[in-house]
Amino acid sequence: MDAAGVIGCFKDRSILITGSTGFLGKMLVEKILRVQPDVRKLYLIVRAADAASAENRVLTEVVGTKLFDVLRSKHGADFNSFITNKITALPGDIIKETCALRNSMVEQIYEEIHVIVSVAATTSFYERYDVALASNTLGVAHVCDLAKKCANLKMLLHVSTAFVAGEQEGLLVEKPLDAGKALRKDYSLDIQSELKLVESVKSKLRVQFSNDKIEKRKMKELGLKRARHFGWPNVYSLTKALGEMLLGTLGRDLPVVIVRPSIISSTFKEPMPGWTEGSRTMDMLYVAYNDQKLSCFIFNRNVIIDVIPGDMVINALMVAMALHWEKHGTQAIYHVTSGHRNPLRGSTFLESFYEYFHSNPRVTKDGRIVKHGRVTLFKKYTFFSLYMILRYKLALEAFHVMSVFGHSLSQHYNKLNRGYKFLILIAKLYAPYAFFKGCFDDTNMKKLWAITATEELDDGSTFDCDPACIEWGSYLINTHIPAALMYASNNNQMKKAGSA
Numbered sequence: 104m105d106a107a108g109v110i111g112c113f114k115d116r117s118i119l120i121t122g123s124t125g126f127l128g129k130m131l132v133e134k135i136l137r138v139q140p141d142v143r144k145l146y147l148i149v150r151a152a153d154a155a156s157a158e159n160r161v162l163t164e165v166v167g168t169k170l171f172d173v174l175r176s177k178h179g180a181d182f183n184s185f186i187t188n189k190i191t192a193l194p195g196d197i198i199k200e201t202c203a204l205r206n207s208m209v210e211q212i213y214e215e216i217h218v219i220v221s222v223a224a225t226t227s228f229y230e231r232y233d234v235a236l237a238s239n240t241l242g243v244a245h246v247c248d249l250a251k252k253c254a255n256l257k258m259l260l261h262v263s264t265a266f267v268a269g270e271q272e273g274l275l276v277e278k279p280l281d282a283g284k285a286l287r288k289d290y291s292l293d294i295q296s297e298l299k300l301v302e303s304v305k306s307k308l309r310v311q312f313s314n315d316k317i318e319k320r321k322m323k324e325l326g327l328k329r330a331r332h333f334g335w336p337n338v339y340s341l342t343k344a345l346g347e348m349l350l351g352t353l354g355r356d357l358p359v360v361i362v363r364p365s366i367i368s369s370t371f372k373e374p375m376p377g378w379t380e381g382s383r384t385m386d387m388l389y390v391a392y393n394d395q396k397l398s399c400f401i402f403n404r405n406v407i408i409d410v411i412p413g414d415m416v417i418n419a420l421m422v423a424m425a426l427h428w429e430k431h432g433t434q435a436i437y438h439v440t441s442g443h444r445n446p447l448r449g450s451t452f453l454e455s456f457y458e459y460f461h462s463n464p465r466v467t468k469d470g471r472i473v474k475h476g477r478v479t480l481f482k483k484y485t486f487f488s489l490y491m492i493l494r495y496k497l498a499l500e501a502f503h504v505m506s507v508f509g510h511s512l513s514q515h516y517n518k519l520n521r522g523y524k525f526l527i528l529i530a531k532l533y534a535p536y537a538f539f540k541g542c543f544d545d546t547n548m549k550k551l552w553a554i555t556a557t558e559e560l561d562d563g564s565t566f567d568c569d570p571a572c573i574e575w576g577s578y579l580i581n582t583h584i585p586a587a588l589m590y591a592s593n594n595n596q597m598k599k600a601g602s603a
């Protein structure tokens with residue numbers, strides 16, 4: 104199969120996509136429409152009160168983004184009519200049965216859909232446990248139930264994460280997770296028990312506090328606690344693992360492909376280099392450093408940071424779907440990763456980090472250049488904790504005592520306390536990745552590289568998903584870091600405009 108063969112699989116097909124307003128979801132919509140304008144219909148499930156609201160969300164949050172500029176230019180004056188003809192927005196929600204679709208639409212979906220792509224998820228490492236379970240775990244069951252009733256289904260593709268492997272060491276193979284098996288030795292998982300625990304804790308919190316903010320904080324703490332109890336580093340990786348387990352059980356008779364990307368970064372090439380949305384994983388470090396909030400961190404220069412550009416993930420999705428078309432009763436798994444093929448080492452990451460900010464210092468509104476110092480790095484969490492006590496905790500105690508004597512001291516205390524809590528939180532959330540000792544096997548992915556790595560059609564359409572071509576230092580300095588900072592800056596401006 105070549106690139107033309109991949110494109111041909113999507114001709115005259117109806118595809119249901121969840122999570123289309125998210126980073127990967129909208130990239131998939133754009134890619135399909137760009138390379139296969141003869142796709143029959145893309146049905147996009149979005150959270151909305153009604154059809155009009157759903158359509159408005161798609162037009163503003165998906166089609167209206169810069170991502171669609173290439174497609175917009177290609178179709179010119181016919182762009183809007185093309186989009187109207189090819190996209191149907193459906194108000195719904197994967198956390199509910201039949202994804203909360205209207206009865207009349209459900210019947211239509213059962214008859215028309217050939218492909219379901221399940222992208223919707225909450226990706227926060229510090230999400231409420233109830234929210235993460237509903238979206239990342241139960242949402243999979245609802246999508247799977249929908250898929251079972253689609254008479255003409257050729258493919259159910261589920262986007263997971265390579266980090267369902269948790270903090271395991273060594274070569275991590277592309278194989279299904281064992282249902283009910285925790286990563287922590289001799290521990291077992293039961294989804295229903297976790298759901299009951301969530302409801303029990305929430306009931307007690309409402310009796311004790313009757314405060315939404317306290318409930319939100321406690322549910323976030325519970326998610327992190329339960330994840331680490333079972334051997335996962337955060338609530339995202341735990342609930343995504345549970346979702347995979349459900350899919351393995353409920354989707355046994357379906358043609359299922361699971362794609363597990365590692366850390367997803369801005370686009371490498373398509374439809375333009377450096378397109379991104381949201382601040383994920385390492386982006387947070389760039390933004391915090393630029394804002395002078397990252398004075399110290401935990402880091403190992405020898406660690407392999409497994410990163411994969413978003414457009415390569417989309418290419419892998421589409422090639423995998425074409426390769427496994429209508430193979431019922433199978434479950435193929437692909438690690439869409441780079442660490443085994445073309446590792447980004449911590450030392451390269453750090454050198455690129457400092458080189459970018461040295462060449463592109465932050466400039467204030469009044470034209471003053473902000474000089475960035477080096478981040479104090481610790482190879483062990485215990486050393487980091489000791490530093491935080493000496494550098495922040497003792498000062499906080501002193502400020503707390505003296506704050507009773509003046510408002511200015513109180514302000515200093517609050518500022519220092521916010522900085523302390525921020526550094527502690529990101530260290531807790533990202534320490535597992537700063538010291539990650541696993542390496543994702545890419546045996547299955549090699550098949551996808553071989554199919555289309557060098558194939559390119561006359562119009563420039565490509566499905567290259569082989570990370571071997573990436574020169575990490577150049578990509579980070581010239582493409583990804585400026586893209587991440589630009590998104591953060593634009594996002595902050597929009598927030599300020601919205602609150603004005």
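Under the numbering used here, the first residue of the sequence shown is numbered 104, with each subsequent residue one higher. Idealized CB from N, CA, C, for every residue including glycine.
Under the rule that a run must span 4 or more residues, the alpha helix (DSSP H) segments found entirely inside the region 110-160 read 126-138, 154-160. The shortest CA-to-CA distance from residue 125 to any of 198, 149, 500 is the one to 149.
Under the three-pair Cβ rule at 8 Å, the region 435-443 counts as touching the region 530-548. Comparing alpha carbon positions, the residue from 346, 237, 411, 308 closest to residue 283 is 346. DSSP, reduced to helix, strand and coil, places residue 402 outside both helices and strands of the structure shown, so it counts as coil. With a cutoff of 8 Å on beta-carbon distance, residue 118 and residue 138 are scored as not near each other. By the 16-neighbour rule on beta-carbons within 10 angstroms, residue 235 is buried. Counting of Cβ neighbours within 10 angstroms places residue 206 among the exposed residues, the total staying below 16. Taking C-beta atoms as the reference points, residue 379 and residue 414 fail to come closer than 8 Å. The beta carbons of residue 522 and residue 271 sit about 33 Å from each other, so the pair does not count as a contact at 8 Å.
For residue 336, the CB contacts under 7 Å within the same chain, skipping 5 residues up- and downstream, are 269, 270, 330, 535 in chain order. Proximity of the region 408-427 to the region 563-583 meets the contact definition, three or more beta-carbon pairs being nearer than 8 Å.
Distance from the CA atom of residue 191 to the CA atom of residue 397, rounded to whole angstroms, is 44 Å.
Residue range 410-412 is occupied by the beta strand (DSSP E) that includes residue 411, with no alpha helix (DSSP H) assigned at that position. Under the criterion of beta carbons closer than 8 Å, residue 165 and residue 129 qualify as touching, at roughly 5 Å. The straight-line gap separating the alpha-carbon atoms of residue 289 and residue 142 is approximately 48 Å.
In this model, residue 183 and residue 154 are separated by some 18 Å (Cα to Cα). Between residue 202 and residue 424, the CB-CB gap reaches or exceeds 8 Å. According to the DSSP assignment, residue 332 belongs to no beta strand (DSSP E) but to the alpha helix (DSSP H) extending over 315-333. If you ignore the 5 residues before and after residue 389, its C-beta comes within less than 7 Å of the C-beta of 584, 587, 588, all in its own chain and listed in chain order. Our two residues, residue 479 and residue 146, have alpha carbons roughly 49 Å apart in a direct line. The Cβ atoms of residue 120 and residue 209 do not sit closer than 8 Å to each other. Taking C-beta atoms as the reference points, residue 197 and residue 223 count as a pair closer than 8 Å. For the pair residue 484 and residue 334, the Cα-to-Cα distance works out to about 18 Å.
Comparing alpha carbon positions, the residue from 250, 175, 204 closest to residue 193 is 204. By the criterion of at least three beta-carbon pairs nearer than 8 Å, the region 257-268 is in contact with the region 354-370. For the set 246, 232, 400, 247, the Cα lying nearest the Cα of residue 299 is the one of 232. If you draw a straight line from the Cα of residue 499 to the Cα of residue 491, it is about 11 Å long. Leaving aside the five residues that flank residue 175 on each side, the residues in its chain whose CB is nearer than 8 Å to its CB run, in chain order, 182. Along the region 431-490, the alpha helix (DSSP H) occurs as fully enclosed runs of 4 or more residues at 449-462, listed in sequence order. For residue 415, the three-state secondary structure derived from DSSP is helix.
Beta-bridge analysis with DSSP links residue 260 to 220, 360. Remark: fewer than three beta-carbon pairs, one from each stretch, lie closer than 8 Å, so the region 210-218 and the region 315-327 are not flagged as touching.
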